[in-house]
Amino acid sequence: MFTVYYSNQLAHHKDKLVELLQHFPNADPFSQETVLVQSVGMEQWLRKEIAQSVGISASIEFPFPTSFVWQQYRVLFPDLPKENIFSRATMAWRLMRLIPKYLSHPDFSALNHYLKENNDQVKLYLLANKVADLFDQYLVYRPDWLMAWEHNDFEKILGEFKNINKEDLLSSIKWQAILWNEIVNETKLNKEESKFNASHRAYLKDRYFEKLDSLTLLEKNKLPQRIFIFGISTLPLSQLEVLGKLSEHIDIHLFFTSPSGLDWWNDKEALVYEKLALREKISFEELKQAVEFSGNPLLSMWGKQGGSFFAQLVEQYEVEELEFGQFAEEETLLAQLKGSFADLEPSPTFSVSENDHSIQIHACHSEMREVEVLHNKLLQLFEQNPELSPKDIIVMSTDIEKYAPYISAVFSRYKNEEYQSSSRYIPFTISDQRVRLIDPILSSFLQLFSFKENQFTAENILALLSVQAIQDKLNLNQEKFEMIKSWVSSVGIRAGLNIDNQTWQNYNAWENGLDRLLLGQSLSEDEGIWQNSVAFNQSYGLTAELSGVLSYFVEQLSEWRAYLIESHNAQEWQSTLKAFIDKLYSERDDYAETILNLKQTIDKAFGYIEEVNFIEKLTSEVIENLLTEALDIQSNHLNFLAGKVNFCTLLPMRAIPFKVVCLLGMNEQDFPRQQRTNSFDLMQYSYRKGDRSKRDDDRYLFLEALLSAQQIFYVSYIGNSLKDNKEKLPSVLLSQLQDFIIEHLADKSDFERIFTRHSMTIFSQDNFRDNHIYQQTGTGKYISFDKEWISLNQEVGSDKIFSMPIELKEENIPHTISLQDLISFLQNPIKHFFNHRLGIYFYNEDQGWQETENFELSNLEQYTLLDKLLVTDQEEILLEQEKRKGNLLSAAFSSFVEQELSSTIKPIKKGLATYLKRDAALFEVDLGIDVNGLNFNLNGNIPNLFDNEIVQWRVGKLRDKDVIQSWVYYLAMVIATSENSEEIMSFKFYYRDKDKLAYLTFNPISKNDAATMLAQYIAEYLYSQKHLSIIIYDKLREYFAELPTELELANYCQSYLLDAQCAHNDGAYIQRVLDQDVNHLDYLTIHDRTLVWFEKMVQSVVITEVE
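Its first residue numbered 1, the sequence shown is counted upward by one per residue in UniProt numbering.
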């Protein structure tokens, strides 16, 4: 007997199921109960609920309908294989062999055109899989077509197509029929006739029905005692027919969640209403009125899938109504909406109380912002409802993998002890991610296939080496790995495997870098070129073994790449893949399960190829697609219902009741999801009842999600553009919900309680107004728990944070000051304050690894080479060494840059020749400086003393920091020079001015003036121990040369800080100050301080070009 139970509460279904299990147990206590479900989540929920109701959940299996039906076929037909010989995977490999044979056939012209455009085995593989998918659908939804094809009866199929040019479809029908018949004939040859006849699903159902009509007692005892079908909103007609036939021998109980107990499933079919009239004693006139009654419009728009299925059930089987949830008028908006579904009200009236947040719609600017808002709203819910726990909340998204990084970033942030104490950590789990995307071993394994076209970039190789299982195989730890990374960068490895190429030599290749590392174990760089390589100084001693480890790893990848380039048969691929896994990954207990799973996946994937005896050679691209598809099938379901907030994919038939149901990413373009059908999919031209439609699935899925929310239904979408803030539309389903609610609200302004348009960022001031709560027309209420951003948005004092002095005890005031520390302070007092007083360092973001050979020298690289050329007499040898080290440009560019470097350094070497040949001494500085009556000691050394002059140089252009350093050196030199000295000391600083040599000197200054100047600097240095000193420190000559009138000085100084200083290499420090204090800085004081510090210096500068 087949009994259908329907209710609008899944809990009532569960109660009925428990009642049947308890009060009508199986006669055999050792037999298993069978409950068909369509998702792992439903199985987990049901197990838990049964255990809570009866104390234990045991001896219950939860198969999926498809596997269960095949299992029942095998019960009565033992010859059937465990997997159908007409499975999608086996058909795909048969088609890989069959399609090329028929490309010259006239009916295959479309396929021939597609495949001949690019003779690529991957295209053939993808096409074969598409056709196999299609045949698999035909076996389930159109078995009669396949039987007609086997009898070459095309007219029967053509007769089903309406309002379409049948001639256009005839070609598709013919080539599909040819391929299907070839699959059938080939399968007949390879299988015993009995197994073939039993496996052909187009005939199997009929044979199964015949078998059920003539069961022996022994066969009947093999059938399950009874079957429960739970949480399934639709089944293919063929499966429903099998279950219906099976119900003639056993009891089948199907639990259907119906939004209404009335005629909401009405599809205007007379037969359905006739049966309803008979069962419910509805008069003909009432039946006529029911047909004319339209019901709730949202149910009409969203309920097609479930309603059509329910109509089939009502038409064929006994129906029993369970208890229906009642929704009082004074309850929440969510309850009122559900009540309008239950009562099929076309025009209900909704009211929203002040504290009613049962339906929430949130418009955000990005996925990250959606998750941030969700986190705050959940914290608010926990605060308002202490009985609510994380396990009562489910968050679903159409693409959980897109949201997973943001979820982890936001929710994991509060996991450490500091944040846990503030109660902001919400336990969470993420389910349904493809395992290959979250398991580094699987992800790196698939990455190996990219090495066929990979240029062996340093970034890719090191990314692979960062996988812990690979490091363990090579006995590496994090410290050793970081050293290898440093070495790879230092020896100039960028991309490429070999030095020798067809037309040039790549010294940024792995071969050259590894040669340098290995050579460094025996020689030093000073030994010069040895066998075309230059040793690397750091790869010796106890760390020398790392060179060998890295060399071995790259050698294995090189061999793997060589293997990928060639095509191989399936058996060769299978054995090589498993052997390479053993070579590459450690099999420690931590990784054993993943490695075993990977090998089993390989065996299973290649098992289908072996089954159809496909012996042709396959390219690595086909193997990559094969294994990617095989691993993509595997998803992470283990964390679902783990007692935490559940983040998962929005899947059909996962309508499990939760107190809070949240949907993310309900965007216009993302939901309902688009269904892409191939032009040769014949099912799209001939719809039958029971056919699946992804858009209909998603509509019903949205309805199920709403119905499963017990207290709160929360929906968010990207409602504004991050670029220009333009409003974006939500999903059409969400728009329909909004429109329906607005239309039937008693007070239209109540919609503001439902809809919230959020600010762009988590730190926006709008999030912290009015005691951290803001209420604006059209935006609703939002409470922020992100207290870290409060200080940024506080009105009082927050904008003057850098004006506040730092506490400094008297005994900590320095009385001895380093000359270099004073210079560092004067060159950039803001950076000095951040580094030395606040302990804050701003670094430029890692620009990543260079992925190509060296085709252009950076300013730093050019400066480094010029600096080396300046002090050598063997330019050619040095340049050759630098080329071998990968520091020069590639190919013909190298000769050009060598000539340019030589011509650039020539005038500099000529001008400094006298000094370069001599040994320099140090000029010692040990001065006592009086500052406001207190004595301070300034000490240090000034390099490059030659007799009675200090001469310094750089091979680059003159910078302001060079001028400041030279100025302080000059002042110290003047003060330190003995008054009784007969020799007059001089100071010069040489630099490169484009293609010429120039030097800087200063106009003479008296010792008293020099002492006064240094005293002023030391006073400012002492002041900086407590306060931030802001000045102009870059492009000083331009600044003083263009001073405006006094009235415009403040604006001039501000613009110079914003433009010139922020563009400086260390501009991040002044930028940080301006971001915080830009409107509260005293720019006249900054200008005056700059004058005091540097006006005398700029006026004293003398520039002389060297002829």
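Idealized CB from N, CA, C, for every residue including glycine.
**Q.** With 16 other Cβ atoms within 10 Å as the buried cut-off, status of Gly295
**A.** Classification for Gly295: buried.
Q. Does the beta-carbon distance from Met1097 to Val963 come in below 8 Å?
A. The answer is yes: Cβ separation under 8 Å.
Q. Measuring CB to CB, does Ile830 end up less than 8 Å from Ile1070?
A. Against a cut-off of 8 Å, the Cβ pair of Ile1070 and Ile830 comes out as a contact.
Q) Using CA coordinates, which residue listed in Gly159, Phe1040, Ala976, Leu997 is at the minimum distance from Leu1014? A) Of the candidates Gly159, Phe1040, Ala976, Leu997, the one whose C-alpha sits nearest the C-alpha of Leu1014 is Ala976.
**Q.** Exposed unless 16 or more other CB atoms sit within 10 angstroms - verdict on Asn944
**A.** Buried, because 16 or more other Cβ atoms sit within 10 Å of the Cβ of Asn944.
Q. Which one or two residues does DSSP pair with Ala530 in a beta bridge?
A. For the record, residue 530 in the displayed sequence is Trp; it is not Ala. Residue pairing of Trp530 in beta bridges, as defined by DSSP: Ser533.
Q) Using CA coordinates, which residue listed in Leu337, Leu1091, Gln1054 is at the minimum distance from His1080? A) Of the listed residues, the one whose Cα sits closest to His1080 is Gln1054.
Q) Just to confirm, are Tyr563 and Thr543 a CB contact at a threshold of 8 Å? A) Cβ distance not < 8 Å, so Tyr563 and Thr543 don't count as in contact.
Q) Among all the DSSP beta bridges, which residues are the ones paired with Lys988? A) For Lys988, which the question treats as bridged, DSSP gives the partners Val951.
(Q) So, does the stretch 465-472 touch the stretch 570-588, judging by three or more C-beta pairs under 8 Å? (A) Verdict: yes, contact present.
Q | Bridge partners - Gln505, DSSP secondary structure assignment | A | Answer is Asp500.
Q) Per DSSP, what kind of secondary structure is Val968 in: helix, strand or coil? A) Annotated three-state conformation of Val968 is helix, per DSSP.
Q) Among Phe1094, Ser986, Tyr990, Thr1001, which one has its Cα closest to the Cα of Asp1034? A) In this structure, Phe1094 is the residue among Phe1094, Ser986, Tyr990, Thr1001 with its C-alpha nearest to the C-alpha of Asp1034.
**Q.** Short Cβ contact (8 Å threshold) for Pro427 with Leu703
**A.** Cβ distance not < 8 Å, so Pro427 and Leu703 don't count as in contact.
Q. Name the DSSP beta bridge partners of Met396, please?
A. Under DSSP, Met396 shares a beta bridge with Cys648, Leu663.
Q: Using alpha carbons as the reference points, say which of Ala51, Lys123, Asn84 lies closest to Glu621.
A: Glu621 has its Cα closest to that of Lys123, out of Ala51, Lys123, Asn84.
Q | Residues near Gln952 in its chain [Cβ-Cβ closer than 6 Å; skip 5 each side] | A | Asn944, Phe989, listed in sequence order.
**Q.** Sufficient close CB pairs (3 or more, under 8 Å) joining the stretch 397-410 to the stretch 429-438
**A.** Taking one beta carbon from each stretch, the stretch 397-410 and the stretch 429-438 have 3 or more pairs nearer than 8 Å; the two touch.
Q: Take every Cβ of the stretch 604-621, pair it with every Cβ of the stretch 351-364, and state whether three or more of those distances are shorter than 8 Å.
A: Using a C-beta cut-off of 8 Å, the stretch 604-621 makes no contact with the stretch 351-364, since fewer than three inter-stretch Cβ pairs fall below that distance.
Q: Indicate the three-state DSSP secondary structure (helix, strand or coil) for Gln710 in the structure shown.
A: Gln710: strand per DSSP, three-state reduction.
Q | the stretch 688-701 in contact with the stretch 35-54 per 3-pair CB rule at 8 Å | A | They do not touch, by the three-pair rule.
**Q.** Residues bridged to Ile252 [DSSP beta-bridge criterion]
**A.** According to DSSP, Ile252 bridges with Phe2, Ile227.
Q: In angstroms with no decimal places, state the Cα-to-Cα distance between Glu459 and Val488.
A: Glu459 and Val488 have their C-alpha atoms spaced approximately 10 Å apart.
Q: Could you pull out every residue in the same chain whose Cβ sits closer than 6 Å to the Cβ of Val395, ignoring the five residues on either side in sequence?
A: Answer for Val395: Phe647, Cys662, listed in chain order.
(Q) As a quick exercise: from Leu497, Leu462, Lys473, pick the residue whose alpha carbon is nearest that of Lys485. (A) Residue nearest to Lys485 within the set Leu497, Leu462, Lys473 is Leu462 (criterion: CA-CA distance).
Q) With DSSP run on the structure shown, which of helix, strand or coil describes His357? A) Annotated three-state conformation of His357 is coil, per DSSP.
Q. Should the stretch 706-721 be called in touch with the stretch 308-323, which here means at least 3 C-beta pairs below 8 Å?
A. As far as the Cβ criterion goes, the stretch 706-721 does not touch the stretch 308-323, which means the pair count is below three.
(Q) Going by C-alpha to C-alpha distance, which of His362, Asn939, His151, Asn767 sits closest to Glu182? (A) For Glu182, the nearest C-alpha among the options comes from His151.
Q) Using a Cβ-Cβ cut-off of 6 Å (strictly less than) and excluding sequence neighbours within five positions of Asn512, which residues of its own chain qualify? A) Closer than 6 Å at the Cβ level, and outside the excluded window around Asn512, lie Ile499.
Q. Among Asp589, Thr594, Leu627, which residue has its Cα nearest to the Cα of Lys604?
A. Check the Cα spacing between Lys604 and each of Asp589, Thr594, Leu627: the tightest is with Leu627.
Q) Can you give the Cα-Cα distance for Lys1007 and Val974, rounded to whole angstroms? A) Going by the C-alpha atoms only, they are around 6 Å apart.
Q.
In this structure, how does DSSP classify Leu76 when only helix, strand and coil are distinguished?
A. DSSP, reduced to helix, strand and coil, places Leu76 within a helical segment of the structure shown.
Q. Using a Cβ-Cβ cut-off of 8 Å (strictly less than) and excluding sequence neighbours within five positions of Val1106, which residues of its own chain qualify?
A. Here the set comprises Pro907, Gly911, Tyr990, Lys996, Leu997, Ala998, Tyr999.
Q: Evaluate Ala972 with the Cβ neighbour count: other Cβ atoms within 10 Å of its Cβ, from every protein chain shown; 16 or more gives buried, anything less gives exposed.
A: Classification of Ala972: buried, given that the 10 Å Cβ count is 16 or more.
Q: Taking all protein chains shown into account, decide if Val4 is buried (16 or more other Cβ within 10 angstroms of its Cβ) or exposed.
A: Classification of Val4: buried, given that the 10 Å Cβ count is 16 or more.
Q) Hey, would you say Ile656 sits closer than 8 Å to Met42, going by beta carbons? A) Cβ distance < 8 Å, so Ile656 and Met42 count as in contact.
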